[in-house]
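Using the numbering used here, the first residue of the sequence shown is number 25, and each one after it goes up by one.
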Amino acid sequence: MHTIKIVTIIGARPQIIKAAALSRAIRNTFSDRITEVIVHTGQHYDDNMSQIFFEELNIPIPDYNLKVGSASHGKQTSLMIEGIEKILLVEKPDYIVLYGDTNSTLAGAIAASKIHIPVVHIEAGLRSFNKSMPEEINRILCDHCSTMLFSPTQTGFQNLIKEGFREKNSPPYHADNPAIYHCGDVMYDNSLYFAKLSESKSNFLQDNSLKPDHYILCTIHRDNNTDQPRRLNSILRALYQISIEGNIKIFLPLHPRTSKLLSQNQDNDLYRKILNSPNFIIHTPVSFLEMILLEKNTTMVITDSGGVQKEAFFFNKPCIILRSETEWKEIVDSGAAEIVDADEEKIVVAWKRFSHTPPMSYPPFFGDGKAAEFICEELVKNSC
Ligand code: UD1
Ligand code: UDP
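Written out as structure tokens, the structure reads:
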């Protein structure tokens, strides 16, 4: 039987988690047809942003780690391109597999397409229509040099068509004749798969004095929220008000970017009040199983994360989005989430609204939990 070789690029936390779904499908169903070589760029490197997920989600240890670390966009991306190119020249894979929209994604797309290795983009077609976001640039550039584009949502698929991709190209596929698919979301696969396993972490709630349905889960890491003191303060003032008015706990597992900036940028009075408030639990980044447990038991999610917005939806929780737009349009259109940006008043109003009138429905926008199997099948089918 013909076996294909893929090189998977991961680097940032959400990519490590996403990759778990494809690695699982390969291990369970495609081990005789797909060999996977994993390259970690080292974009995220703290144990709780990287290592923890390999152990917990049973992801194979990366074959290569470029250990690029943190730097400016240009420097970080160029170091990754150089490192990935060297590996591709040695490994000579049939495909490079890229996830999402980070600098690791862009580096993989540039390195591979220049030496004619077909690019597979998982999470293709998503758009915020806001090019001031580094992620918007990364995902557009990656899509437009890809050979196989797997979109998790109907909106993403339609975005590709609007940008000139044809719905029904015929094989053989290549960068000038790419294939586009609407296949569901590998993160939905993961949430279904790990939801039950997360119960093994149930002590985590008690250990943090959290009662099911009596706390709000909040994450903040988007660069425009963390790096602009005015926006970060506005968000924190709203959270403080909610914690007092609702007499409710707020659990904040903080991305290292936010932890670092919080102490520098806070107007001291607000920061002190939050640190001293028994209703705020400021935590280091948690594991994926702990995160799923927190999402399943929260009353509501407040976040600027792409992944956490969707997971709120997967677990039927209302979500307040701390951004001015979202790539996950379906969840807002369905009424399960509201965009409030970093507007203090809008955040509080949305919290009140969702507290009194929770969303009615969570339609199945994200597939059937088998996106990873579908992707593997297509890779195998089209490599002959
Ligand atoms: C990156 C992605 C973003 C994604 C996020 C997921 C880009 C452009 N951005 O943003 O799309 O939503 O990952 O979490 O690729 N840091 C540490 N330890 C780490 C990692 C980061 O302390 O293990 C700190 C460093 O100070 C670093 C900062 O966080 O400068 C930002 O990290 P970086 O990877 O550049 O961007 P993210 O904000 O994590
Ligand atoms: N996540 C996690 N621990 C945390 C915060 C987030 O495991 O402390 C998971 C979360 O469940 C989701 C993914 O990380 O699967 C989202 O990553 P992040 O918010 O960093 O990036 P984004 O999705 O915005 O790119």
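Don't be surprised by glycine CBs; every beta carbon is placed ideally from N, CA and C.
Check whether residue i and residue j have beta carbons under 8 Å apart
| i | j | result |
| --- | --- | --- |
| leucine 346 | threonine 327 | yes |
| leucine 241 | leucine 313 | no |
| asparagine 227 | alanine 44 | no |
| alanine 395 | cysteine 166 | no |
| glutamine 265 | valine 92 | no |
| isoleucine 41 | leucine 103 | no |
| alanine 360 | tyrosine 386 | yes |
| threonine 65 | cysteine 400 | no |
| tyrosine 212 | glycine 330 | no |
| threonine 171 | proline 202 | yes |
| tyrosine 217 | isoleucine 274 | no |
| glutamine 67 | glycine 35 | yes |
| glutamate 159 | aspartate 125 | yes |
| proline 117 | isoleucine 141 | yes |
| serine 222 | lysine 341 | no |
| glutamate 335 | threonine 179 | no |
| threonine 27 | isoleucine 58 | yes |
C-alpha distance - residue i paired with residue j, whole-angstrom precision
| i | j | result |
| --- | --- | --- |
| arginine 48 | isoleucine 83 | 8 Å |
| phenylalanine 338 | phenylalanine 181 | 20 Å |
| alanine 131 | leucine 229 | 39 Å |
| leucine 150 | isoleucine 161 | 11 Å |
| proline 277 | isoleucine 305 | 8 Å |
| lysine 376 | asparagine 303 | 18 Å |
| asparagine 127 | glutamate 60 | 21 Å |
| isoleucine 146 | lysine 297 | 42 Å |
| isoleucine 30 | aspartate 251 | 37 Å |
| leucine 112 | alanine 136 | 7 Å |
| valine 144 | leucine 403 | 9 Å |
| lysine 405 | serine 96 | 39 Å |
| serine 233 | leucine 263 | 18 Å |
| serine 94 | proline 253 | 21 Å |
| glutamate 187 | aspartate 231 | 49 Å |
| aspartate 414 | alanine 148 | Residue 414 falls outside the range modelled here, since the chain spans only 25 to 408, and no answer is possible. |
| glutamate 409 | valine 114 | With the chain running from 25 to 408 in the structure shown, residue 409 is simply not present. |
| phenylalanine 77 | serine 224 | 15 Å |
| glycine 270 | aspartate 293 | 21 Å |
| glutamine 100 | leucine 90 | 11 Å |
| isoleucine 50 | leucine 122 | 16 Å |
| leucine 286 | threonine 243 | 13 Å |
| threonine 129 | tyrosine 295 | 35 Å |
| proline 382 | glutamine 333 | 16 Å |
| threonine 32 | isoleucine 105 | 14 Å |
| lysine 235 | arginine 163 | 39 Å |
Extent of the continuous beta strand (DSSP E) run through residue i
| i | result |
| --- | --- |
| isoleucine 203 | The displayed chain sequence assigns alanine, not isoleucine, to residue 203. It spans 203 to 206 - the beta strand (DSSP E) in which alanine 203 sits, taken as one unbroken run. |
| valine 144 | 143 to 146 |
| alanine 262 | Counting along the chain, alanine 262 falls outside any beta strand (DSSP E), though it belongs to the alpha helix (DSSP H) covering 253 to 269. |
| leucine 278 | Where leucine 278 is concerned, there is no enclosing beta strand (DSSP E), given that its DSSP letter is neither H nor E. |
| threonine 243 | 239 to 243 |
| phenylalanine 337 | Unbroken run through phenylalanine 337 is the alpha helix (DSSP H), 330 to 338; no beta strand (DSSP E). |
| phenylalanine 304 | 304 to 307 |
Option nearest residue i by Cα separation, candidates the options
| i | options | result |
| --- | --- | --- |
| asparagine 248 | Ser348, Asn52, Tyr88 and Val114 | Ser348 |
| asparagine 154 | Glu351, Arg37, Tyr205 and Ser222 | Glu351 |
| lysine 138 | Ser358, Gly124 and Ile120 | Ile120 |
| isoleucine 134 | Ile108, Lys186, Thr243 and Glu223 | Ile108 |
| isoleucine 268 | Asn300, Ser287, Arg246 and Thr250 | Asn300 |
| cysteine 169 | Pro342, Ile185 and Asp200 | Asp200 |
| leucine 184 | Ile316, His198 and Tyr205 | Tyr205 |
| arginine 37 | Leu286, Thr177, Leu234 and Met315 | Met315 |
| aspartate 237 | Arg246, Ser379, Thr177 and Gln288 | Ser379 |
| glycine 391 | Ile50, Ile58, Ser175 and Glu79 | Ser175 |
| serine 407 | His198, Met157 and Ser94 | His198 |
| phenylalanine 389 | Tyr88, Ile272, Pro117 and Val356 | Val356 |
| tyrosine 88 | Lys110, Ser358 and Leu221 | Lys110 |
| methionine 157 | Lys235, Arg246 and Glu106 | Arg246 |
| isoleucine 272 | Met324, Gln288 and Arg255 | Met324 |
| arginine 255 | Gln39, Lys370, Leu46 and Glu79 | Lys370 |
Boundaries of the alpha helix (DSSP H) in which residue i is found, first to last residue
| i | result |
| --- | --- |
| leucine 103 | 97 to 115 |
| lysine 376 | 368 to 380 |
| threonine 129 | 127 to 138 |
| valine 356 | 353 to 357 |
| proline 38 | 37 to 49 |
| tyrosine 295 | 292 to 300 |
| cysteine 400 | 395 to 405 |
CB contact below 8 Å: residue i versus chain C
| i | result |
| --- | --- |
| proline 382 | As a matter of chain content, chain C is missing from the structure shown, which is built from one protein chain. |
Original post:
Per the contact definition of three or more C-beta pairs closer than 8 Å, is the stretch 364 to 371 in contact with the stretch 252 to 265?
Top reply: Contact between the stretch 252 to 265 and the stretch 364 to 371 is established, with three or more Cβ pairs separated by less than 8 Å.
Original post:
Counting Cβ pairs closer than 8 Å, one from the stretch 179 to 199 and one from the stretch 279 to 290, do we hit at least three?
Top reply: Segments in contact, no.
Subject >> Contact the stretch 72 to 79 vs the stretch 299 to 316: 3+ CB pairs below 8 Å >> reply: yes
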